[in-house]
Every structure is written in C-alpha cells, then in structure tokens.
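Each residue of the sequence shown is one higher than the one before, counting from 44 in the numbering used here.
A virtual CB, placed ideally from N, CA and C, is assigned to each residue, including glycine.
Keep in mind that this is a model prediction, so the values were computed, not measured.
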Amino acid sequence: MGMSANLSRRKTLGLLAALPAGGLAHAYAARRKDGGLGEIAARAGVTYGASAGTVIFDDAEYRLLYLKHCKALTTDVDMKFDWLRPEAGKWDWGPADRLAAFAERTGMTLRGHALIWNENAPDWLKALSLAEIRRVFDEHIETVVARYAGRVAVWDVVNEPFWPGHGKPGGYRAGPWHEAFGPGYVERALKRARAADPHVKLAINEAHCERDDDVGRAIREGMSRLVAQLRDAGAPLDVLGFQGHLQPGRPYDDAAFAAFLRRFSGLELHITELDVNDETFPAAIRKRDALVARRYHDFLSAVLAVPAVNTVINWQLADHYSWYNDLARAGQLRSRRAPRPLPFDSAYRRKPAWFAMARAFRERKAA
Ligand code: 9MR
44 MGMSANLSRR KTLGLLAALP AGGLAHAYAA RRKDGGLGEI AARAGVTYGA
94 SAGTVIFDDA EYRLLYLKHC KALTTDVDMK FDWLRPEAGK WDWGPADRLA
144 AFAERTGMTL RGHALIWNEN APDWLKALSL AEIRRVFDEH IETVVARYAG
194 RVAVWDVVNE PFWPGHGKPG GYRAGPWHEA FGPGYVERAL KRARAADPHV
244 KLAINEAHCE RDDDVGRAIR EGMSRLVAQL RDAGAPLDVL GFQGHLQPGR
294 PYDDAAFAAF LRRFSGLELH ITELDVNDET FPAAIRKRDA LVARRYHDFL
344 SAVLAVPAVN TVINWQLADH YSWYNDLARA GQLRSRRAPR PLPFDSAYRR
394 KPAWFAMARA FRERKAA
C-alpha cells in the first residue's frame, strides 16, 4: 500500500475519533461510497458483509475494512451458545452486546449466529437430563431472541441440521438438541424464535450443499425435505443460508448447486460464510491468489444468477483472521503454510479475490 493511502487512512481514523456518536453512521456511509465492496454489491441488489469478532475493537485497521466494505455483519462466535453460556447459570453478554451496538451505530444489518447448533455444546449442557435440556432449549431461544429483538435482522436459528456421517435417520446431525426432541427440534426452534420476535427473519444455515459429492448431495436432499416438511407444518421460515466454505480439493458443480437453489421459491437465499480453502493450490502466492479468485468468481457468477440470492457474507475479511489458520496450526490442512482464503491479505490489501467478487457483482448488475 502506498504512502498516500496510509496517510488518508490515518486522517480518516482521526476524523472518526473526533465525531460525536450520532454522526458516525453518516460518516461511515460516506466512507463506503468510494468503491467499497458493499456499495458495488448493493448496486446488484446484494447485501454484502462479513463475520466479525471483538478483535475489530482492538485492531483499528481491520475495523476500517468493515466500515468501508460491509453493509452486514455476522457475529462470528460471540452469539453462540457456548460463548454466551460458558457455565451453567452464567450468561456472558459483553462481546455480543458490543458487536450489536457496533452494527447499530454503523448502520450494518446484524445477523445473529447461531441459536441452536448440535456442535460445540458445553459439558455442563451435555451433563443435564433430557428434560432439563428441553427446558434450556426453550429458555435459550426466548432469552436471546428477545434480548436482541429489533437489533438482529436475521437469526441463524438452526445451524447445520444435517450430517449424514452421524448415521441418524434422515441424515440429521446428532447432538443434545437432536437427542432431546428428535428432528422436530428444528420446527420447535423456528416457532419459539418467531414468538420471541415477530419481525426478525428466521434462517436455517447449512454447510456443504455446494459440494458435488455424496455428502453434498445427501445434505441437499435433506434440506429439500426439511423445507417441505416445515411448510406443511406452517413453521415460520424466511431465509436459507448456505455457508460457502469452498473446498476446491473436492468435486464441485456450481451450475448444479444453482439449480438446487432454484427449488426454494418464496425464500430468501443467503451465502453466509464464504471463503476458499487454498490448501490444494500451489504455494506460489501469485498463482494461489489467482486460483482462489477464480473460484470466487465462478461460484458467485453461478449463484448470483439465481434471483432469490440477495446476501453474500464472507467468513472474516482478512486472511490472518480466518478460521483456516486454526486448522493449519492444528495440522488439519494438507499444508501448514498461512492460508489465503479471503478478499484481503494480512496487510489489509485487496487481493485478486476482492476484484473477482466485485466483478461478479458488476456482472450481475449488467445482466
Ligand atoms: O469461525 C468459527 C471458529 O472461530 C470457531 O472456533 C468454530 C467453532 O465454534 O466455528 C467457526 O465458525 C463456524 C460457523 O460457526 C459454522 N460454520 C462453519 C464455521 C467455520 O468452522
């Protein structure tokens, strides 16, 4: 990044610091006008944003990326069950409240992630009787949704309902909530969430549907069946979220995924956690970035051809904050090198992936 960009960034930081709270939303909106990804996406009818954690309050340069590019913000981990309720009888609202206040102040659409997920259950929950787990389920949804009513615009009410590998009937993901209610936990969660906030959009958020292999196809079928059942049951459902953690080492058929998306008439479709795992790409950065960018462009071109897709969210914005770093450190990727899955690098510079996304948004507008 050149000297002048650095200077103007510093100037902006100073300017923002000097503004009273009331003027911030306006100042942020003004900043976004000069070519932020959120503006480019908006012109194509797409709300663009990224997930964020409280690191944005410590890393001012990272925060500026959100201010410039994002019109939507998803809480990365801070509204998850185990973050809100680390111990029995204890609630930790601090980080979630801070992110909610930030989104409100800056005029970003807030996506709550995620109310009910069969993964990541804390030990104290797993130790409860099934009757107690049922009580905690209802209490959790009512308490959390009511607290953020009017501030969270979309809730990922149920995250990742399917995982065929668990061997449950219907391919459902196993875990405490499934154990307590069976697959009916999904409908129950949606109804309870609607009762706690009549206006928030309610989403089911699923992984792996983008894949063109046995797992991807099984989860797609599961989602189709679930949505049909929920419709028959009159359950409230506004949005389907597809995470979009693309794994180029696996088989993909973007056109087949887009055809699958077209099945869901009457629902909004959101790409909720987009990134590209570069573990199978060559090490050379220029080559790797070009392949990551191409993957972004091909995927987005296919899904943006579906009119109901109106939201695209990246899972974090800059490479060094991606969850793939945790996987690399834990030896769970094919390579231990620093992953480059996102539109910005660790120096906050736009990468080819940024331009590929912008191009896909512009092409949708022109189509
Ligand atoms: O990014 C999240 C990471 O920091 C957490 O350790 C992990 C477990 O809670 O969850 C990550 O986010 C996941 C999301 O909640 C659901 N889809 C897959 C995401 C990446 O693992």
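* In angstroms with no decimal places, state the Cα-to-Cα distance between GLY265 and GLY213. => Translated into positions along the sequence shown, residue 265 becomes position 222. Translated into positions along the sequence shown, residue 213 becomes position 170. Going by the C-alpha atoms only, they are around 7 Å apart.
* Whole-angstrom distance between ALA361 and ARG237, CA atom to CA atom -> Translated into positions along the sequence shown, residue 237 becomes position 194. Translated into positions along the sequence shown, residue 361 becomes position 318. Near 34 Å, if we compare the C-alpha coordinates of ALA361 and ARG237.
* Contacting residues, own chain, Cβ-Cβ under 8 Å from LYS330 (five flanking each side not counted) -> Position 287 of the sequence shown holds residue 330. Correct list, in chain order: PHE324.
* To do: Could you have a look at LEU233 and say whether DSSP puts it in helix, strand or coil?
  => Within the sequence shown, residue 233 is the residue found at index 190, counting from 1. The answer is helix: DSSP assigns LEU233 an H, G or I state.
* Asked: Are there three or more Cβ pairs, one per stretch, closer than 8 Å when the region 101-112 is compared with the region 158-166?
  -> no
* If we ignore side chains and look at the alpha-carbon of each, how far apart do ILE314 and VAL282 end up? -> The residue given as residue 314 occupies position 271 in the sequence shown. The residue given as residue 282 occupies position 239 in the sequence shown. Looking at the two C-alpha atoms, the distance is approximately 10 Å.
* Do you know offhand how far ALA217's Cα is from ARG393's? -> The count along the sequence shown starts at 1 and reaches residue 217 at position 174. The count along the sequence shown starts at 1 and reaches residue 393 at position 350. The straight-line gap from Cα to Cα measures roughly 40 Å.
* **Any non-hydrogen atom of ligand 1 closer than 7 Å to GLU322 Cβ** => Taking the first residue of the sequence shown as position 1, residue 322 is located at position 279. No.
* For HIS340, which of helix, strand or coil comes out of DSSP? -> Residue mapping note: residue 340 aligns to position 297 of the sequence shown, counting from 1. In the structure shown, HIS340 sits in a helix (DSSP, three-state: H, G or I).
* Please list, in chain order, all residues of the same chain as LYS244 whose beta carbon is under 8 Å from its beta carbon, the five residues on each side excluded. => Residue numbering aside, residue 244 sits at position 201 when the sequence shown is read from its first letter. If we look at LYS244 and ignore the five residues flanking it on each side, its Cβ neighbours are ALA196, VAL197, TRP198, ASP281, VAL282 and GLU311.
* **Span separating the alpha-carbon of LYS408 from that of SER267** => The sequence position of residue 408 within the sequence shown is 365, counting from 1. The sequence position of residue 267 within the sequence shown is 224, counting from 1. So the alpha carbons of these two residues sit roughly 29 Å apart.
* Reducing DSSP to helix, strand and coil, say where ASP362 ends up. => Position 319 of the sequence shown, counted from the first residue, corresponds to residue 362. The answer is helix: DSSP assigns ASP362 an H, G or I state.
* Is the region 88-98 touching the region 345-360 in the sense that three or more CB pairs, one from each, lie closer than 8 Å? -> Cβ pair count under 8 Å is three or more, so yes.
* Excluding sequence positions up to five away, which residues of its chain have a Cβ less than 7 Å from the Cβ of ILE83? -> Looking up residue 83 in the sequence shown gives position 40. Residues ALA401, PHE404 and ARG405 of the same chain have their beta carbon placed closer than 7 Å to that of ILE83, with the five preceding and five following residues left out of the count.
* Three-pair Cβ contact test at 8 Å for the region 109-122 versus the region 146-157 -> yes
* To do: Could I get the ranges of all uninterrupted alpha helix (DSSP H) runs contained in the region 282-341, with 4 residues as the minimum, in chain order?
  => 297-304
* **Under 8 Å between C-beta atoms of PRO294 and ARG254** => In the sequence shown, the residue the question calls residue 294 occupies position 251. In the sequence shown, the residue the question calls residue 254 occupies position 211. In this structure, PRO294 lies near ARG254, with their beta-carbon atoms less than 8 Å apart.
* To do: Measuring only between beta-carbons, confirm whether TYR109 sits less than 8 Å from chain D.
  => Reference to chain D is not applicable here, since this structure consists of a single protein chain.
* **Beta-carbon contacts of ALA64 that lie in its chain and below 8 Å, excluding the five residues immediately before and after** => Here residue 64 is taken as the residue at index 21 of the sequence shown, counted from 1. In this predicted model, ALA64 has a pLDDT of only 43, less than 50, meaning its place in the structure is not dependable; the value taken from the coordinates is given anyway. Contacts found: ARG148.
* **Nearest candidate by alpha-carbon position, reference ALA410, set LEU80, ARG86, GLY78 and ARG305** => Position 367 of the sequence shown holds residue 410. Checked all of LEU80, ARG86, GLY78 and ARG305; the closest Cα to ALA410 is ARG86.
* Three-state class that DSSP yields for ASN1 in the structure shown -> Not covered by the structure: residue 1. The range shown for the chain is 44 to 410.
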